[in-house]
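This report concerns only the one structure given below.
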Amino acid sequence: MLPALTYQSSIDNAVLSYLTALSNAGFQGDIEKSYASRLAMATDNSIYQQLPQAVILPRDINDLILVGELGDREEFQHVTFTPRGGGTGTNGQSLTSGIVVDLSRYFNKILEINVDEGWVRVQSGVIKDQLNDALREHGYFFSPDLSTSNRATIGGMINTDASGQGSLKYGKTSDHVLALTAVLVDGSILNTEPLSLEQLEALSQDTLVNKALQTTAQICRDKRQQILDKFPQLNRFLTGYDLKNVYDDQLQSFDIARLLCGAEGSLAFIAEAKLNITPIPKSRTLVNIKYDSFDSALRNAPMMVAADALSVETIDSKVLNLAKEDIVWNTVEELLIDVPEKTMLGINMVEFASNDIVGNQQQVAALCQRLDQLIADQQAGVIGYQVCDDLAGIQKIYTMRKKAVGLLGAAKGAQKPIAFAEDTCVPPENLADFIAEFRQLLDDKSLNYGMFGHVDAGVLHVRPALDMCDPQQELLMKQISDQVVTLVAKYGGLMWGEHGKGFRSEYGPEFFGEELFTELRRIKAAFDPHNRMNPGKICTPLGNDSELVKVDSVKRGFYDRQIAISTRDSFKQAMECNGNGLCFNYDTSSPMCPSMKISADRRHSPKGRAGLVREWLRQLAEQGINADELEQQLLTTSPTVKQIIERLKNTYGSAREHYDFSHEVMEAMNGCLACKACASQCPIKVDVPSFRSRFMNIYYSRYQRPAKDYLVAYVENVLPLMAKAPVVVNSLIRPQWSKKLTEKAIGYVDMPSLSVPTLAESLDGHHALCFDMQWLQALSDHERQNYVLIVQDPFTSFYDAQVVRDFIHLVERLGKKPILLPFKPNGKAQHVKGFLKAFAKTASSTADFLNQLAVLNIPMVGVDPALVLCYRDEYQEVLQQQRGKFTVLTVHEWLLPLLKDIPQKTPVNDTPWYLFAHCTEKTKMPNAEKQWGTIFSHLGGVMEAVAVGCCGMAGTFGHEADKLDASKKVYDLSWKANIEQYDPARCMATGYSCRSQVKRLAHIQFKHPLQALLTLMNK
């Protein structure tokens, strides 16, 4: 039996006292002390893991001030703080053993847009894409463009002085910061603005703010020449304390905002920012150039830069091949067609953008002419190119490029390409030679690696593949890191050209030199004399003997290697999460991850849940328990009477008061909608529903399940019996007293009514639907081609029977003969709730039946995509390939090949039908919406896909009383507003769950697309 897991790292008494005092002082935000909440903040997008003491989430600037003022008391002088935004840093900048101050949950308001003066004022938790969505209608955008733009916060961008694609023309974040509102460690407010020397000297020295301003100004002025002489003239310059740009020689003024940009939260909390904004270019064209080698792409890049391109981005063959295996390739394959009889081993994506449409076209034409000549002469390794001037197409290409970070983590095997020396910056003219040596360094160690980046700025992201669970490879990582430092210096570059220092701060003294590094420490001391703001990052205060964080600090691999290799392999959907954070995606129309979107709680994300399961597995291993062996035992044996009694005691007896980390894991798992968007949307394919069901299966071996789980797991078995008296059943569940009783006693709300008439009643006498296996076997192969086997599912057959009836009519309208198969339970609900033993039995029985039919070679079609896809996913997972010889098609998969034999119809009505696709369908079948559009167009209709995420129903999730509020919030994210825009009579949804949710919350009956097609066919 699963034991109680009692380990949780203790919180320092001083921190506990501080948190109590903070709450008593009127702190309005959230204070999180649970082990799970701390674990969710223990990792970022790096290889490191550091457990914080607590997480506090201020609600407004007054909370931030209170954090500092209270912390300034003598008894709390050793309490440290680390600001955190999106947590997308690749070098552990926001990791700490102190208190995390998370500004992403509440500091997310766009405060003011001033188009006339060309600026915007935002809170630091605003996400970059969120800002650009607000600016787009005004014709502007915030130009620094990151690969993590859909989850990176403005505060995080400021703290790392982020840049990204297009930096040659658009610069870095600091080039666009007009003013900052920051809170210092003592709670004092710093409003930055350019100040003259006279203004600075006139300031009183009584405050921390003024001392910090005066110290910084003195250093930047007195050490001006040394600063200018020390660093190369690179586009990316340097992330850290930007001493060079604080002082303006011509204006003789000081702008302290330039110092805070790139300071990684080591000087102050950034609360608000005033940013300049850039007009959106009227003309944009992307030229995708294909090469026979990656080296050719690198060496040819300077020609693109010389052509005055906005940006030149590059991707190597490893990243390209990983992209081809991902869902993202479906969107770009027509834009990056392979060159016939050539091998595309690298591409340069060259963008031209300006407000001069004619001039832009001339630049593109000139480049294409040059490329044609290179191809004709077989020079520079150019083997082809494609021009894309469609904005949507350009965005798709960049989406693929942005996903490169995550895609590299999807490489097969224990060795994963990791970030630790991947944002080196050298002069662009030295890049090819630098990379050649870099590659040789890695080749000598027989390592694989992936490369992509900004060749125009001399920044290339190189990620060597290492297994961080292997202590020897961890040592090798440090060795490579040291060697790259030497190599970068040789080519006149910098170690950190884009992603900040973080745990690489130990290299700071070497790059700055002793004298200038001492000046950095003086600045740190002026802002943070007791080293309490993100200690160990960038530098330590002068006079303080604390150390910098180091590259060989504790990594996630240290904890992961405590889990048996067999278990790590078995739970790879959780183990392989690399923290890229795409599941934090701001876009409400993106299916992943609905629970994260409504809660803004990192625990309730694929990344958070994966981290909790890893720790759960580690704690089990610590107690000598192998999760795989325990799971197999539960699948092959039944609980004894003694075990059942113990389970009841653990749930209802005194033991329920005891701490068990498993409860914290369960809380996070319970909030998952099991929509499976993560299984395809996440570049690493972190499949939460898969490991969630396994966790629940084991968890409930120690604790008693709620009654509602048993209801949903076994209702399929009794539905045929209930359907014999649907009127009676409905009369029992519809009264108000019955609803209240069901909610209180079982925990279910809004129970759906059975279809009246039932499917069987409405088809009575329809002899063509009679199922007779022997008769079907007697048919010739040619005769069988005219038949269609309709696979029933519990939702549509018993609660939405009209859809099945209409599908039967559609099949007949198309000249085929439908055969309605006997109902066989699907079992998906059993899998969702972790009844894995029962699910295996259900899947085995149904698979045996469907396998018998598969030999007939008659198409089998189901109308609900989630349950059809269950046969391909969960069935294969539990039964393996030998039990899954059958294939059940979705309706659109069956229809698409038939179009060739159906005359194309001219649309009679150009009013569109609007498709709200099921989230599981469109993530597991990325071409589904496009294919539905093709079918509608061929049959005389017009269809538009509506961009929506999850509807919030997700099977039975929306019917559970404790999840009703969450279900409604998910629905409100994207479905509610979109439904209000369209004629409900023209709206369709493929999923029964979606139609049920709309009927419940909007009181509208959506059609299934097949019903709209039947309407078209009957005209």
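Take the sequence shown: its letter number 627 is residue 627 in the UniProt record's numbering, and every next letter is one higher. Cβ coordinates follow ideal geometry from the N, Cα and C atoms, glycine included.
Which residues DSSP lists as bridging Trp-913, in chain order: Met-943
Pick from Tyr-992, Ala-985, Glu-272 and Ala-1002 that is closest to Ala-977, judged by C-alpha positions: Ala-1002
Endpoints, alpha helix (DSSP H) assigned at His-809: 801–813
Cβ-Cβ distance between Ala-182 and Ala-271 below 8 Å: yes
Own chain residues within Cβ distance below 7 Å of Asp-423, not counting five before or after: Val-459, His-461, Trp-496, Gly-497, Glu-498 and His-499
Where Val-641 falls, given that 16 or more other Cβ within 10 Å makes a residue buried: exposed
Which of helix, strand or coil DSSP assigns to Ser-253: strand
Outcome for Asp-229 when other beta-carbon atoms lying within 10 angstroms are tallied against a minimum of 16: exposed
Neighbourhood of Asp-709 by C-beta, 7 Å cutoff - its chain only, sequence neighbours within 5 removed: Lys-833
Met-304 versus Pro-428, Leu-814 and Asp-873, residue with shortest Cα-Cα distance: Pro-428
CB-CB length for Gly-155 against Asn-534, believed under 8 Å: Not really, about 13 Å apart at Cβ, beyond 8 Å.
Leu-408 vs Gly-346 beta-carbon contact at 8 Å: no
6 Å Cβ shell around Val-946 - same chain, five flanking residues per side excluded: Tyr-914, Phe-916 and Asn-978
Complete beta strand (DSSP E) runs within the region 630–709 (minimum length 3 residues, chain order): none
Backbone secondary structure at Trp-496 - three-state DSSP: coil
Buried or exposed (CB count within 10 angstroms, at least 16 for buried), Met-773: exposed
Endpoints, the beta strand (DSSP E) within which Val-100 is located: 99–102
Helix, strand or coil at Val-863 [DSSP, three-state]: coil
Local conformation of Gln-199 per DSSP, three classes: helix
Boundaries (first-last residue) of the beta strand (DSSP E) holding Asn-348: 346–354
At least three beta-carbon pairs within less than 8 Å, the region 122–138 to the region 164–175: no
Range of the contiguous beta strand (DSSP E) that encloses Gln-461: Residue identity check: residue 461 is His in the sequence provided, not Gln. Counting along the chain, the beta strand (DSSP E) containing His-461 begins and ends at 459–466.
For Ala-677, the nearest candidate out of Ala-273, Val-948, Met-988 and Leu-367 (CA to CA): Val-948
Selected residue, minimal CA-CA separation from Val-126, among Asn-114, Leu-673, Ile-110 and Trp-119: Ile-110
Cβ neighbour criterion (16 or more within 10 Å) applied to Trp-894: buried
Secondary structure of Thr-215, DSSP reduced to three states: helix
Gly-85 to Ala-134 span [Cα, whole Å]: 20 Å
Whole runs of the beta strand (DSSP E) within the region 535–617, excluding any shorter than 3 residues: none
Arg-694 versus Glu-117 - alpha carbon distance: 56 Å
Beta-carbon spacing of Ile-99, Pro-58 below 8 Å: no
Three-state class that DSSP yields for Val-791 in the structure shown: coil
Helix, strand or coil at residue 1078 according to DSSP, with G and I counted as helix: Outside the displayed span of the chain (1 to 1019) sits residue 1078, for which this structure offers no information.
contact_flag[the region 11–21, the region 508–528] where n(CB pairs < 8 Å) is 3 or more: no
For Ser-937, the three-state DSSP class (helix, strand or coil): helix
Rounded C-alpha distance that separates Asp-443 from Gly-393: 36 Å
Proximal residues to Gly-747 (C-beta, below 8 Å), its chain only, five neighbours per side dropped: Pro-706, Ala-707, Lys-708, Glu-960, Ala-961 and Asp-962
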